[in-house]
Amino acid sequence: MPKLLLIFVKEAIKAFEKLNYRIIRQRSSHIGIRGLIFVVFLAIMFSFISCNKESEGLVGPIPSGIYSYTSYDTSGTAIVKGRFTLNYKDSLQIIGEWHFEKIGNTQNIGPQVGSGKLIGNVKQHRIWIELNPLFRDNNFLLIGTMENNKYIGVWKWISFSGITNHGTFEAEKN
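Under the working numbering, think of the first position of the sequence shown as 1042, with each following residue one higher.
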């Protein structure tokens, strides 16, 4: 964001210099004051917009620790259970591990069985976690919100053809 602000300030200075050149040619200070007020107004508005975009990812406290996980198919039947850990790498990035096992003889549930490392982040006021972060094909996403130590949302199995299957999940902090 600082690069964008620097570019904006440079452009504002150029515009003000052009305006000053006209003022000197026309010998009218009235236009110069209005131009200066306009440039200051734009700079203030840009700083407010920049501040709002930086805070866009905030979703409230996300407790680090171990979570008990259950995922459900679209009919609401439990299909996978297990646990995962969430730890902060920095203020918006999440890292951890997952260990899940299938319930019963469920089919077409994607790569949410086994164990591995996870990564995640906070964007658009939601927590996004990838179970297979090194894969663009055969990836598995958890997208949800945190409320009262519960992470609740939807899971998506994503392949090259798009969303292959989906359902819901809930995970509660132990």
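We treat Cβ as the ideally placed atom computed from N, Cα and C, and that holds for glycine.
G1194 sits close to I1184, with the two beta carbons spaced by under 7 Å. For the pair I1120 and I1168, the CB atoms are not nearer than the 7 Å cut-off. Cα atoms of P1174 and E1142: separation of roughly 19 Å, rounded to the nearest angstrom. Residue pairing of R1167 in beta bridges, as defined by DSSP: K1164. Membership of F1141 in the beta strand (DSSP E) is indicated by the continuous run Q1134 to K1143. For a cut-off of 8 Å, the C-beta gap from G1208 to T1111 is around 11 Å, too long to register as a contact. 7 Å or more divides the Cβ of L1172 from the Cβ of G1137.
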